[in-house]
Structure formats: C-alpha cells, structure tokens
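*Asks:* One structure, as structure tokens, below. Some questions next.
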Amino acid sequence: MRPFQPRTKHYWRIVLLCFVAASTFWLLNALNKSYSTQTSYPIRFVYNDRQLVPIKPLPQEVDINVTGKGWKLLRKSLRLDVQPAEIYIRDLPRNNYLLGSALRPSLVNALDGLQLNFVVTDTIYFDFDPKVQKRMALRLDPSQRLTDNLHTIVGPVRINPDSITFTGPASLIDSLPNPFLLRLPEQSLVEPTEVSVPVNYDYQSLVEADVEEAQVSVNVKGLVPEERQLLPELVNVPEGAKLSLRPSIVVVRYQVLQDSVPALNRTAFKAVLDYSRFNPIDSTLVPELVQQPRGIRNVQVWPNRIKVSRRK
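When the letters of the sequence shown are read in order and numbered with our numbering, they come out as residues 1120 to 1431.
Shown next as structure tokens:
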C-alpha cells in the first residue's frame, strides 16, 4: 500500500481527476461507435377532432429495432428533441388496427439519424367513432317516487333548462336515454319544492354536455284520506229473482286534495253489481264504481267480490 500513500495534500483529487478524464475519453469513444438495439419510440395520431373522436386510449409508442451512432441512440433514449412518428387518420377507418409493417414509412421519416431495421410491435389497435351532437328533452324519471302516501304532485313538473345537448362519439350518445331522465336526490317531498339536480351520465370523459345541472320545480300538495259506504245497485237481474248479498254494502276509500275537501260532492258516488257477470264458480259479483266526484285520487273499493245467493 506504500505507493498509494498520498505524497501531497492534493493527491486523491489528482487521482479522481485522472479517473474522470479516462472515463470521459472512454465514453466519448464508445458514443462514436454504431450499435443496433431495441427501443420504444413515440407515435402520434393525427386526425380531425371535429369529425372523429377516439373512444379508447390511443397507443402512445411502439417497439422498434434500430441502428445508429451512440450519440443518436442516447438522445432518443433520453427523449431529447424526439419527433413522434405521425399516423394520419383522414376518414373513419374501416379497420380498428394497423400492422407494424404499415408504420414503417412514418417511423423512417421521424428517425433522424437512425436506421430502422424492423418494427417489433406486430399490431397497434385503436377505435374511432364519428363525433356528433344530439339534443334531448329533459324529463323527470317516472319510476322515482317523490312523495309519501299523504302527498301528491299536482300539475306539470317544470325543468329549467328543458333540454340538453350532448357532444361526443355517436355510439355512446346513441346509448343515452332519449328523453334524458333526471332523478331527484332521495327525499319525500311534503311541500312545493325547487331542487338543483345534477346531470349524471356514463362516459363523462368522452361525452360533453352543455348542461351540468337543471332546476326542477315540483308542486306538492297534501292529501286527506276518506271513505264512504254505498248500497250497490243490482242491474241485469232476471225478472222475479230475489237475491241476497253478503256483505250488502261496499266501502269506497279514496283521497282528496287538502284544499279541495270543502268543495267535494260526496253524493256523486254510485256502485253497481252487474248480474250478467255473475261467476257461478264462487257465486260472486264484482262491484263496479260507475260514478264518482271529480278530484278524488287513489280510489279503492272493498270488498273486491260480493257473495250472491238466491232467496226462495
């Protein structure tokens, strides 16, 4: 170890500088040689984005085998001043793929100073769709229940704005419901309400809408439950036949708007039993409500069948 013992205070600094100088000469010499290697190279699709839209992420690069000076290969590896190979899509493609061999002209034009040996990537896949606009009416989802049993919606539901325009791939926009249905936040409305409803739909990363939320106005009124007993009228009874009914009355249950209770005409109810529809299997008749006052809702008649027997 005696020869490595420092003679001066700057001994190790000199050794380090010599090592750096030797490494630099070696690296410069190596970078001036030619090499063949496999590497990935960026590609870019060029298309009219006013007419076409990709519905899947487009490939960003392909694998290729190239030959070139070390300097060029280093620059490409570090992605310094690298021009992507441009793939032109002029019209809606008939196929959703390109073979690696078809990429050769674009790659050769982009490989500045490198020789393309062959394209390693066998096939690249893409999926384009025509870009369209479609305007749809906005409606409230009829399957959503907004009130409890003692309240109801009166009059039309007002939606502002009343329509929405979607822009995006034709296949995705065609899959949206038309008219487009809105759902209110889950709640049980008991009074007139105005609610901001967000416009939610699938594929929001690909489909744009000109409306993010709509104002929905709903007029809600209370309902009052009532019931009334009626003597049903027998019709189409054979002459001379005497019938016994069990039960002899029917009960009509219904609801009426709270502010319409005083004006309701409760004498307007009329129920009949049509003997021509007599069921001989169980000897029953179905009561029918043939007359009722205007303004009542959710009408139910009890019982749904009345036992009929002949008296001697």
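Every residue gets a Cβ at the ideal spot worked out from N, C-alpha and C, and that includes glycine.
Can you give me the C-alpha to C-alpha distance between Pro-1249 and Gln-1179, rounded to a whole angstrom?
*Replies:* Cα to Cα, the separation comes out at about 21 Å.
*Asks:* For a test of the three-state rule: what should DSSP assign to Val-1356, helix, strand or coil?
*Replies:* Note: Val-1356 maps to coil in three-state DSSP.
*Asks:* Going by alpha carbons, who is nearest to Gln-1411 out of Asn-1423, Arg-1385, Val-1427, Ile-1183?
*Replies:* Ranking the options by Cα distance to Gln-1411, first place goes to Arg-1385.
*Asks:* Are Val-1309 and Glu-1332 touching if we call contact CB-CB under 8 Å?
*Replies:* Not a contact, by the Cβ cut-off of 8 Å.
*Asks:* Could you tell me whether the stretch 1217-1224 touches the stretch 1278-1287, using the rule of 3 or more Cβ pairs below 8 Å?
*Replies:* The stretch 1217-1224 vs the stretch 1278-1287: no contact.
*Asks:* On the criterion of 16 or more Cβ atoms from any shown chain inside 10 Å, does Phe-1237 qualify as buried, or is it exposed?
*Replies:* Result: exposed.
*Asks:* From Leu-1211 to Leu-1259, what distance separates their C-alpha atoms?
*Replies:* The alpha-carbon atoms of Leu-1211 and Leu-1259 are separated by roughly 36 Å.
*Asks:* Are Arg-1163 and Pro-1203 close, meaning C-beta to C-beta below 8 Å?
*Replies:* It is a contact, given that the beta carbons lie within the stated cut-off.
*Asks:* Evaluate the contact criterion for the stretch 1231-1246 versus the stretch 1254-1269: three or more CB pairs, one atom per stretch, below 8 Å.
*Replies:* Touching, no.
*Asks:* Under DSSP, the beta strand (DSSP E) around Pro-1173 begins and ends at which residues?
*Replies:* Note, Pro-1173: beta strand (DSSP E), 1171-1173.
*Asks:* Between the C-alpha atoms of Leu-1177 and Leu-1376, what's the straight-line distance to the nearest angstrom?
*Replies:* Rounded to the nearest angstrom, the two C-alpha atoms are 59 Å apart.
*Asks:* Look at the Cβ atom of Tyr-1160, then the Cβ atom of Ile-1183, and state whether they are nearer than 8 Å.
*Replies:* It is a contact, given that the beta carbons lie within the stated cut-off.
*Asks:* Under the DSSP definition of a beta bridge, which residues are partnered with Gln-1157?
*Replies:* In the DSSP output, where bridge partners are listed per residue, Gln-1157 has Asn-1184.
*Asks:* For Tyr-1207, count the other beta carbons within 10 Å of its own beta carbon; 16 or more makes it buried, fewer makes it exposed. Which is it?
*Replies:* Label assigned to Tyr-1207: exposed.
*Asks:* Looking at the C-beta of Lys-1361, does it have a partner C-beta in chain D at a distance below 8 Å?
*Replies:* Within the model displayed, chain D is absent; a lone protein chain is all it includes.
*Asks:* Could you name the residues of the same chain whose beta carbon sits closer than 6 Å to that of Asp-1393, not counting the 5 residues immediately before and after it, in chain order?
*Replies:* These residues qualify, in order along the chain: Val-1354, Asn-1355.
*Asks:* Assuming Phe-1388 and Val-1371 are in contact, meaning their beta carbons sit under 8 Å apart, how far apart are those beta carbons, in whole angstroms?
*Replies:* About 6 Å; that satisfies the 8 Å criterion.
*Asks:* Assuming Val-1314 contacts Pro-1298 (C-beta within less than 8 Å), just tell me the rounded distance between them.
*Replies:* Actually they are not in contact, since the Cβ atoms of Val-1314 and Pro-1298 sit about 18 Å apart, beyond 8 Å.
*Asks:* When you compare each of Asp-1378, Arg-1429, Val-1343, Pro-1351 to Pro-1357 by their alpha carbons, which one comes out closest?
*Replies:* The candidate whose alpha carbon is nearest that of Pro-1357 is Arg-1429.
*Asks:* Whole angstroms is fine: what's the gap from Ser-1367's alpha carbon to Leu-1265's?
*Replies:* The alpha-carbon atoms of Ser-1367 and Leu-1265 are separated by roughly 38 Å.
*Asks:* For Gln-1064, which of helix, strand or coil comes out of DSSP?
*Replies:* This structure gives no information on residue 1064, because the portion of the chain shown stretches from 1120 to 1431.
*Asks:* Could you spell out the range, first to last residue, of the beta strand (DSSP E) harbouring Ala-1390?
*Replies:* Note, Ala-1390: beta strand (DSSP E), 1389-1393.
*Asks:* Nearest by alpha-carbon distance to Val-1239: which of Glu-1205, Ser-1395, Gln-1157 is it?
*Replies:* Answer by Cα proximity: Gln-1157.
*Asks:* Expressed to the nearest angstrom, what Euclidean distance is found between the alpha-carbon atoms of Leu-1150 and Leu-1291?
*Replies:* Since pLDDT at Leu-1150 reaches only 46, below the 50 mark, its modelled position is unreliable, and the value read off the structure follows with that caveat. Each residue's Cα considered, the two are about 51 Å apart.
*Asks:* Jot down the residue ranges of each uninterrupted beta strand (DSSP E) in the stretch 1303-1388, minimum 3 residues, whole runs only, in chain order.
*Replies:* Those beta strand (DSSP E) runs which fall completely within the stretch 1303-1388 and span 3+ residues are 1312-1317, 1332-1337, 1339-1349, 1352-1354, 1362-1365, 1369-1376.
*Asks:* In terms of alpha-carbon separation, which member of Leu-1295, Pro-1422, Ile-1243 lies closest to Tyr-1322?
*Replies:* Comparing Cα-Cα distances from Tyr-1322 to each of Leu-1295, Pro-1422, Ile-1243, the minimum goes to Leu-1295.
*Asks:* What is the DSSP secondary structure of Asn-1236, counted as helix, strand or coil?
*Replies:* In this structure, Asn-1236 counts as strand in the three-state DSSP scheme.
*Asks:* Quick check: what's the CA-CA separation for Pro-1173 versus Val-1185?
*Replies:* Each residue's Cα considered, the two are about 30 Å apart.
*Asks:* Whole angstroms are fine: how far does the CA of Val-1427 sit from the CA of Arg-1416?
*Replies:* The alpha-carbon atoms of Arg-1416 and Val-1427 are separated by roughly 29 Å.
*Asks:* Determine the contact status of Leu-1171 and Phe-1247, defining contact as a CB-CB distance below 8 Å.
*Replies:* A contact, by the Cβ cut-off of 8 Å.
*Asks:* Within the continuous alpha helix (DSSP H) that includes Ala-1221, where are the two ends?
*Replies:* Note, Ala-1221: premise wrong, no alpha helix (DSSP H); not H, not E.
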